[in-house]
Structure formats: structure tokens, C-alpha cells
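Here the structure is laid out as C-alpha cells; the discussion comes afterwards.
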Amino acid sequence: MYNISFFKKILVLSSIILLYSCDKDYNAIGGDLIGDNHFDLSTYTSNVLAYNQKIGPIQSDNLAINPLGIYKNPNFGETTANFNTQLTLASTVTATGISAKPFITSVVLTIPYYYNASKTVTNTDGSHVYTLDSIYGVDKAPMKLSVYESGYYMRDTDPTGGFQLAQKYYTNQNTDFENAKVSSRLNDDSDLAQNDDFFFDPAEHVVKTTDSITKVETVTRTPPGMQLNLNKGYFKTKIIDGAIAGKLASNDVFKEYFRGLYFKMEKSGSSEGNVAMLNFKAGKITINYNEDLSTTATSGVVTVTRVKKSIVLNMTGNSVSLLNNSFGAAGVTYNALPNTGNTTAGDGKLYLKGGEGSMAIIDLFDKKDLKGYDVNGNLTGPNGVSDELDDLRYPADGKKWLVNEANLVFHIDASTMANNYEPRRIYLYDFTNHRPVVDYYNDATTSADAKKSKLVFDGNINTDATSKRGLTYKIRITNQIRNLIKNVDSTNVKLGLVVTEDINTVASYKLRTPNTVITQAPKASVMNPLGTILFGNNIPFGDPNYDKRLKLEIFYTKPN
1 MYNISFFKKI LVLSSIILLY SCDKDYNAIG GDLIGDNHFD LSTYTSNVLA
51 YNQKIGPIQS DNLAINPLGI YKNPNFGETT ANFNTQLTLA STVTATGISA
101 KPFITSVVLT IPYYYNASKT VTNTDGSHVY TLDSIYGVDK APMKLSVYES
151 GYYMRDTDPT GGFQLAQKYY TNQNTDFENA KVSSRLNDDS DLAQNDDFFF
201 DPAEHVVKTT DSITKVETVT RTPPGMQLNL NKGYFKTKII DGAIAGKLAS
251 NDVFKEYFRG LYFKMEKSGS SEGNVAMLNF KAGKITINYN EDLSTTATSG
301 VVTVTRVKKS IVLNMTGNSV SLLNNSFGAA GVTYNALPNT GNTTAGDGKL
351 YLKGGEGSMA IIDLFDKKDL KGYDVNGNLT GPNGVSDELD DLRYPADGKK
401 WLVNEANLVF HIDASTMANN YEPRRIYLYD FTNHRPVVDY YNDATTSADA
451 KKSKLVFDGN INTDATSKRG LTYKIRITNQ IRNLIKNVDS TNVKLGLVVT
501 EDINTVASYK LRTPNTVITQ APKASVMNPL GTILFGNNIP FGDPNYDKRL
551 KLEIFYTKPN
């Protein structure tokens, strides 16, 4: 028994060492940009065809993260990002839960901002200095922010589908929500930084309270976020009186009664503004109020006790990101692009933009189809498969390749993108079937930053060590190419390329007006407000950027 057990242990240990060695080799091969020494592997370069595709108005409801603000991009025009959300009760309130004389002390709307924790500075007095993250544009640029009660009821299900499917809302529905807003704006505080001169403030929020008996002061500090004082009189009528009338008895009743909030952004003076990515689902409205409760003793003495209470309205209902793109001096070239690019020869530059933006569609291998092969490798006529791919499947010498690595490397048009914010990541997917490619599924790598997972599949921006500006994006499609060469029944699908806000989100959202070319696009692209310009395949020989043209690089070994 001892010998068998010992043998098993040795076998397991040997397997682990073998797997580790293979993994080490695989990661080493896939670790560098093309052009580096891939351990003397043979290299094959294939031309690809890539062209632009405008996306247009697209579904944008219930996103995990939403832009808010005004962002002017010299290459892609100016985008105004508004937002609408339903509110939900943290807990229901019945008529008996409100006394006869409630008095509101404050109504505060809060939404946390993203900040870079690694750059936070803690001072000796306990205060903090924060650096905001996911904000694009001029730092602390003022804008006019107006928050209204929304009069637009956001249904859960679509009546046109017999209430069987979720109701969709789209980026270009701002007019619908604008026209349905109720009353005047709610954030009417005298502090202009809360409305007419609003800006995304990196300062922490400090609240000091003093105990009425001990006189001890307590300081409470919270990280930066939107904090707006809303009109107390409005919420006394709408919420406190509404609770007494039974309008807060259930969330269904409440969502019909108070249909949510509409956030509207406008220019403030000559300021260009900026845009912030926000998790509105973490936002809330807190209505603080006092009640004077009286009790009568047997002696007839009446005692009045002041009780502090609150009602919390969460921003966790249905929501929609509302985008408006405008083009003046900015984005002229982009705006003039056709809805679909050159599907025959490809485009020289690829314009990727999130939101109501654009993407690229990619065809691998040469389109020429003059021949084919039967199951025995004999030549036949055209078979609907690229001749180039056929020759890889049926090599003339009969020696099929072992594909060690296959990459698409996209070079950034650095001169055009100079001084512009660049997307951290792009995402390549199966455009034909609206799903990830096999290399995405096979990549189990993780990261402390969830947005940096899928490291082998990649798509992260590669930057210059000195300037920190983007140079390339690299995406590995090794298994995609292996399958195409090895399995003759594998379909060479079209690939889609978009900017992405979250590599872990792979679902697709529908276009409001689908066409014969495109009907949907990745949801994570809708979240991202940024754009980038990449070199495509159609760059003539002799052009200074010819070597930066898009191509497929395959590194392989060939059996002896």
C-alpha cells in the first residue's frame, strides 16, 4: 500500500510540474507584442479586412454604470449625457407610521463618486485628499445640473410583446423624458455648486455634530460624492403627505405615484464641462424629519418627546442613459463617415466610440474563393471558404501547423488621438452570433481589478513608457485560429470590435432601428463614453503608416 501511495504522489507531482512548465511556456509565448523573438517560431502574416460601422441609437436601460455630464472630444464631437431613474422605497411607510405634525429637517440626494484608492492621502488630522477616477474632460469644470421629478413611467415589461419581454429604453429618448418632467427643479439650494455651477468635487464630505449633554464634538468623514440639498417643501407634500395618503404602502404603488428622477446637464457659461461615470444604483435620497410624540401620564401631565426619523428612497429601479451627440468643429470627419464603411477593401482608419457610437467589423483571411477541397484533400471548385484558409487546412506538403499563438494587433493613430482620453480596453467578439470568441471563454485569468481580468485574451491598452500615451491594443485569438484550421466544418465568422467599460459584461443590447448589417452591440460598449482611432487594413504601400496596418499574425511550428 505504501509503495502504491508513494507512486501516486510522484505521479501527481510530475503532472503538476509538467502542467506548470506548459503554462509557463504558453504565457511566455503570449507575453510580448509581435515583433519580439517568439522562440524562433515560424511566422505567417495574413491580410484581414476591417471596416467601420455606425451603431446609432441603442438600448441603454439598467446599465451598471452610466455617464453624466458633457464631454467634448475633438475626434468624436460633443456628447451630453443625461439620466433617468425610478426610485424604490428602502422600507414601506403606512399612514399610521407618520404622526400628525412631522417636520422635515433635510432632504439630501447622495451618489458616490469613483476614486483611486491608491492615490488617497490621509493627513495627520484625519482628513483625506482624494483623486477622482472615471472622469473625463476639464478638471472641476462647472455645468448646470437640474434634478426633476420624472413624469415618465418606466414599465418593467413591454406591452407590444404581450408583457412577456422586458421593456427597452434607448439612448435617443431624452426628449421623451424631458417633456415629461414635473414641476421646477428640486435641487434649488442657494449654493450654486449644487445646481448652476455644479462640478464633480473631489473633496471629502465632513459633518460635525456636538452632543447636547457632553458637548463632545464628533467628526464624520465620507469619501467624495454628489450631495444635493433638495426642496424640503416639495418632499413634505410629495412624500410625507403621500405616506399619510397611502402612496408609500408598497413599491408598486409608490413607483406609479412618484415616477422617479430626471437628471439634466447643460453648459454653464463658457465651460466645456466634463463627464463622470457613476453608479446610480448606489445613490439615494434621505428625507430626515422630526416627530413630536406626546404621552399623557395618569396624573394628567403631558410629555412631548421629539423623535428623529427618516425615509430613504433608493435609486434601484429601472433606469436609462440618455445621450445626445452634436457636431460642430469637433468630430467633423467622424460625423461624415458613412453608416457602413468599405466592405470590399476595408478602411484605412477604424473609429471606435462607445455609447451611441461606432465599431469595426473584421473579416479574417483573404476573400478569394476559386477552389476548395473534398474530405480527402482533393481539389474541387469554389466552396464558400477563403482559398487562403483552405490552403492552411490542406497544406501542399501535408504537414499541418501547430499554431502556438495568433494575434490581432491594433495600432493607435497617435497623432490624431494626442491629448485625448483613451479607452483602457477594447473587446473583440463573434459579430455573427453575438457572443464571445472561444479565446475569451478559455481565459480564466483574474485580476484584483475586475476590469483587467481575461489577461491572456487581452485587449488592454499598451502605452509608451515615457509619454504614457497609447501605442497598441493586442488581442489573442489563438484558439479561434486553431479551430478554423483544424476543423474544416468551423465557420469563419465575422468579428466585431468595440470599446468596453467592463470586460466581464458580454451581453448585447438592441439597436432601436436595426438594419441588414447590425442589429445589436455589446452592452459594455454602451456604458463607455470614450473613443479611439485605430489603423485599419486599407493603407497603401509607401504610406508612412503602412507598417501599422491591421493584419493577423500567426506563430506556428511545423512537424518534421
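The sequence shown begins at 1 in the working numbering and counts up one residue at a time. Heads up, the beta-carbon is just placed ideally off N, CA and C, and yes, glycines get one too. In this text, all values refer to a predicted model and were calculated from it rather than measured experimentally.
- prompt: Does the Cβ-Cβ distance between Ile533 and Thr416 come in under 7 Å?
  reply: Translated into the one-based positions of the sequence shown, residue 533 becomes position 533. Translated into the one-based positions of the sequence shown, residue 416 becomes position 416. In this structure, Thr416 lies closer than 7 Å to Ile533 by Cβ.
message: Comparing C-alpha positions only, which one of Val93, Glu501, Asn560 and Thr557 sits nearest to Val563?
response: Outside the displayed range of the chain (1 to 560) lies residue 563, so it cannot be described from this structure.
Classification of Leu63 by the beta-carbon crowding that lies within 10 angstroms, buried from 16 upward: Taking the sequence shown and counting its residues from 1, one reaches residue 63 at position 63. Leu63 comes out buried.
task: Please check the pair Gly536 and Gly346, which I expect to be a contact at CB under 8 Å, by giving their CB distance rounded to whole angstroms.
output: Here the question's residue 536 lines up with position 536 in the sequence shown. Here the question's residue 346 lines up with position 346 in the sequence shown. Confirmed, about 6 Å.
query: Quick one, which of Ala450, Ile98 and Ala418 has its alpha-carbon nearest Lys247's?
result: In the sequence shown, the residue the question calls residue 247 occupies position 247. If we check each option's Cα against that of Lys247, Ile98 comes out closest.
Own chain partners of Thr305 with C-beta closer than 6 Å, once the 5 adjacent residues on each side are dropped: Residue 305 sits at position 305 when you count from the first residue of the sequence shown. The residues are Leu293.
task: Sort out for me which residues DSSP pairs Glu405 with in a bridge.
output: Translated into positions along the sequence shown, residue 405 becomes position 405. Answer is Phe555.
- prompt: Is Gly35 helix, strand or coil when you go by DSSP?
  reply: For the purposes of this step, residue 35 is taken as the residue at position 35 of the sequence shown. Because the pLDDT at Gly35 is just 39, under 50, the model does not fix this residue reliably, and the value given afterwards should be weighed accordingly. Gly35 falls in the coil class under three-state DSSP.
message: I'd like to know if the stretch 507–520 and the stretch 406–415 are in contact, where contact means that at least 3 CB-CB pairs between them fall below 8 Å.
response: no
query: In chain order, what residues of the same chain have a beta carbon less than 7 Å from the beta carbon of Phe365, not counting five sequence neighbours either side?
result: As a first step, residue 365 must be located in the sequence shown, where it is residue number 365. Hits under 7 Å: Ser46, Ser386, Glu388, Leu389 and Asn492.
message: Quick check on Ala245: buried or exposed, where buried means 16 or more other Cβ atoms within 10 Å of its Cβ?
response: Against the sequence shown, residue 245 aligns to sequence position 245. Exposed, by the Cβ-count rule.
- request: From the DSSP output, in three-state form, read off Met265 for me.
  value: Reading the sequence shown from its first residue, position 265 is the one you call residue 265. Residue state, collapsed to three classes: strand.
- prompt: Which residues in the same chain as Thr463 place their Cβ atom closer than 8 Å to its Cβ, once the five residues preceding and following it in sequence are excluded?
  reply: Within the sequence shown, the letter at position 463 stands for residue 463. Contacts found: Arg469, Gly470 and Leu471.
query: Which parts of the stretch 274–360 are runs of the alpha helix (DSSP H), unbroken and 4 residues or longer, counting only runs that do not cross its ends?
result: 332–336
task: May I ask you to list the residues that DSSP assigns as paired with Phe103?
output: Looking up residue 103 in the sequence shown gives position 103. Looking at the DSSP assignment, Phe103 forms a beta bridge with Asn290.
query: Once you ignore the five residues that flank Ser106 on each side, which residues in its own chain have a CB closer than 6 Å to its CB?
result: As a first step, residue 106 is located in the sequence shown; it is residue number 106 there, counting from the start. Contacts found: Asn288.
task: Can you grab the Cα-Cα spacing for the pair Ile554 / Asn479, in whole Å?
output: Here residue 554 is taken as the residue at index 554 of the sequence shown, counted from 1. Here residue 479 is taken as the residue at index 479 of the sequence shown, counted from 1. Ile554 and Asn479: Cα-Cα distance of roughly 11 Å.
message: Within a Cβ cutoff of 7 Å, which residues of the same chain sit near Gly377, ignoring the five residues on either side of it in sequence?
response: For the purposes of this step, residue 377 is taken as residue 377 along the sequence shown, with counting starting at 1. Hits under 7 Å: Tyr394.
task: Please work out which residues of its chain come closer than 6 Å, Cβ to Cβ, to Tyr546, disregarding the five sequence neighbours upstream and downstream, and give them in chain order.
output: Against the sequence shown, residue 546 aligns to sequence position 546. So the list reads Ile539, once near-sequence residues are dropped.
message: In this structure, how does DSSP classify Asn462 when only helix, strand and coil are distinguished?
response: Here the question's residue 462 lines up with position 462 in the sequence shown. DSSP places Asn462 in strand when its eight states are reduced to three.
Beta-carbon spacing of Gly355, Tyr429 below 7 Å: Residue 355 sits at position 355 when you count from the first residue of the sequence shown. Residue 429 sits at position 429 when you count from the first residue of the sequence shown. Their beta carbons are not under 7 Å apart, which means Gly355 does not touch Tyr429 by this criterion.
- prompt: Would you say Ala141 and Gly328 are within 7 Å of each other, going by their C-beta atoms?
  reply: Sequence index remark: in the sequence shown, residue 141 carries index 141 (1-based). Sequence index remark: in the sequence shown, residue 328 carries index 328 (1-based). No, the Cβ-Cβ distance between Ala141 and Gly328 is not below 7 Å.
field: Pick from Lys548, Gly531, Lys236 and Lys558 that is closest to Thr79, judged by C-alpha positions
entry: Locating residue 79 in the sequence shown gives position 79, where the first residue counts as 1. With distances taken between Cα atoms, Thr79 lies closest to Gly531.
- prompt: What's the C-alpha gap between His434 and Gly269?
  reply: One-based indexing of the sequence shown puts residue 434 at position 434. One-based indexing of the sequence shown puts residue 269 at position 269. The alpha-carbon atoms of His434 and Gly269 are separated by roughly 43 Å.
message: Can you tell me where the beta strand (DSSP E) holding Gly587 begins and where it ends?
response: In the structure as shown, the chain begins at 1 and stops at 560. Residue 587 is therefore absent and cannot be evaluated.
message: To the nearest angstrom, how far is the alpha carbon of Ala450 from that of Val456?
response: Locating residue 450 in the sequence shown gives position 450, where the first residue counts as 1. Locating residue 456 in the sequence shown gives position 456, where the first residue counts as 1. Going from the Cα of Ala450 to the Cα of Val456 covers about 14 Å.
- request: Return helix, strand or coil for Tyr170, following the three-state DSSP convention.
  value: Position 170 of the sequence shown, counted from the start, is the residue given in the question as residue 170. If DSSP states are grouped into helix, strand and coil, Tyr170 belongs with the strands.
- request: Please state whether DSSP places Lys548 in a helix, a strand or coil.
  value: Counting from 1 along the sequence shown, the entry for residue 548 is found at position 548. Correct three-state label for Lys548: helix.
query: Is any heavy atom of the ligand FMN found at a distance shorter than 6 Å from the C-beta of Asp387?
result: Of ligands this structure carries none, so the ligand FMN is not represented either.
message: If you measure between the beta carbons of Arg570 and Tyr257, is that distance less than 7 Å?
response: Residue 570 lies beyond the stretch modelled for the chain, which goes from 1 to 560, so this question has no answer here.
message: Quick check for students: name the residue ranges of the beta strand (DSSP E) that lie wholly in the stretch 502–526, counting only runs of 3 or more.
response: 508–510 and 520–522
task: Can you give me the Cβ contacts of Lys399 inside the same chain, cut-off strictly under 7 Å, excluding the 5 residues immediately before and after it?
output: As a position in the sequence shown, residue 399 is number 399, starting the count at 1. So the list reads Lys558 and Pro559, once near-sequence residues are dropped.
- request: State the Cα-Cα distance for the pair Ile213 and Ser310, rounded to the nearest angstrom.
  value: Taking the sequence shown and counting its residues from 1, the one referred to as residue 213 is at position 213. Taking the sequence shown and counting its residues from 1, the one referred to as residue 310 is at position 310. One C-alpha to the other measures close to 23 Å.
query: Quick one: Cα of Ser326 to Cα of Asp543, how far?
result: Within the sequence shown, numbered from 1, the residue matching residue 326 stands at position 326. Within the sequence shown, numbered from 1, the residue matching residue 543 stands at position 543. In a straight line, the C-alpha of Ser326 is about 32 Å away from that of Asp543.
task: Mind the definition here: the stretch 139–156 touches the stretch 117–125 only if three or more C-beta pairs lie below 8 Å; say whether that holds.
output: no
field: At least three beta-carbon pairs within less than 8 Å, the stretch 186–206 to the stretch 227–234
entry: yes
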